[in-house]
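Peer 1: Following this message is one structure expressed as structure tokens.
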């Protein structure tokens with residue numbers, strides 16, 4: 029039972045092979061999904077849908093699958109046209125003109141509604157009146173005065189605490205000096 033030790037190169041090759049197989053499977057699944065949804069199959073569309081680079085969809089073994097899907101779509105389109113099931117150019121042009129008219133009408137309605145909302149908001153602001161606004165301004169002024177007084181009281185308290193701290197530090201320094209002087213006298217005697 030001999031175990032063959034894998035080299036880093038072997039590991040890298042296996043990893044690349046698995047990655048390549050995974051990406052190829054994504055491409056094939058993307059082609060099948062696009063066909064099922066009726067989306068147009070092109071090399072670029074398949075690459076974007078699968079989330080892979082464009083060169084991969086042209087690679088051998090993948091390219092043939094994409095080309096076959098493109099050919100089958102082309103044949104299906106041709107059969108649809110021959111059977112008369114497709115819309116004519118005149119029908120499509122009429123549909124486009126109708127959609128444009130409908131879009132224009134919708135834009136005009138949107139603009140009318142927007143103007144009505146703006147007028148309504150303006151009227152509401154006018155109705156609010158100056159009385160409510162002046163009351164609110166007065167409330168805010170009272171709040172500013174209260175906050176200013178609180179700030180001044182806090183500043184005064186802070187200044188008092190700083191002064192007391194300085195006095196305490198001075199007393200402590202004096203007590204230390206007195207203690208040193210007392211020890212000097214005791215040591216001399």
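In our numbering, the protein residues as written are 29 to 217. For glycine and all other residues, C-beta sits at the position ideal for the given N, C-alpha and C.
Classify residue 85 as buried or exposed, calling it buried when 16 or more other Cβ atoms lie within 10 Å of its own Cβ.
Peer 2: In the chain shown, counting from the first residue as 1, residue 85 sits at position 57. Residue 85 is buried by the Cβ-count criterion.
Peer 1: Assign residue 170 to buried or exposed, taking buried as 16 or more other Cβ atoms, counted over all protein chains shown, within 10 Å of its Cβ.
Peer 2: Within the chain shown, numbered from 1, the residue matching residue 170 stands at position 142. Exposed, because fewer than 16 other Cβ atoms sit within 10 Å of the Cβ of residue 170.
Peer 1: What whole-angstrom Cβ distance do residue 54 and residue 79 have, given they're in contact under 8 Å?
Peer 2: Here residue 54 refers to the residue found at position 26 when the chain shown is read from its first residue. Here residue 79 refers to the residue found at position 51 when the chain shown is read from its first residue. With a Cβ gap of about 7 Å, residue 54 and residue 79 count as contacting.
Peer 1: When we look at the beta-carbon of residue 75 and count the other beta-carbons within 10 Å, is it buried (16 or more) or exposed?
Peer 2: Residue mapping note: residue 75 aligns to position 47 of the chain shown, counting from 1. Its Cβ being crowded by 16 or more others within 10 Å, residue 75 is buried.
Peer 1: One question on the structure: do residue 59 and residue 101 come within less than 7 Å of each other, judged by their Cβ atoms?
Peer 2: Within the chain shown, the letter at position 31 stands for residue 59. Within the chain shown, the letter at position 73 stands for residue 101. Cβ atoms of residue 59 and residue 101: not closer than 7 Å.
Peer 1: Does the distance from the CB of residue 63 to the CB of residue 104 come in under 7 Å?
Peer 2: Position 35 of the chain shown, counted from the start, is the residue given in the question as residue 63. Position 76 of the chain shown, counted from the start, is the residue given in the question as residue 104. No, these two residues do not count as a Cβ contact at 7 Å.
Peer 1: So residue 71 packs on residue 94, CB below 8 Å; how close in whole Å?
Peer 2: As a working mapping, residue 71 is identified with position 43 in the chain shown. As a working mapping, residue 94 is identified with position 66 in the chain shown. The pair is a contact, with the Cβ atoms about 6 Å apart (cut-off 8 Å).
Peer 1: In whole angstroms, what is the alpha-carbon distance linking residue 159 and residue 146?
Peer 2: Along the chain shown, one-based indexing puts residue 159 at 131. Along the chain shown, one-based indexing puts residue 146 at 118. When rounded, the distance between both Cα atoms is 23 Å.
Peer 1: Under a Cβ-count criterion, where at least 16 other Cβ atoms within 10 Å of its own Cβ denotes burial, should residue 29 be classed as buried or exposed?
Peer 2: As a first step, residue 29 must be located in the chain shown, where it is residue number 1. Any reading at residue 29 must be qualified, since the residue scores a pLDDT of 48, below 50, and its modelled position is unreliable; no value is offered.
Peer 1: Quick check: the Cα distance between residue 205 and residue 211, rounded to an integer number of angstroms?
Peer 2: What you label residue 205 is simply residue 177 of the chain shown in a count that begins at 1. What you label residue 211 is simply residue 183 of the chain shown in a count that begins at 1. Their Cα atoms are separated by approximately 10 Å.
Peer 1: Can you list, in chain order, the residues of its chain with a C-beta nearer than 6 Å to that of residue 180? Leave out the 5 residues immediately preceding and following it.
Peer 2: Taking the chain shown and counting its residues from 1, the one referred to as residue 180 is at position 152. Hits under 6 Å: none found.
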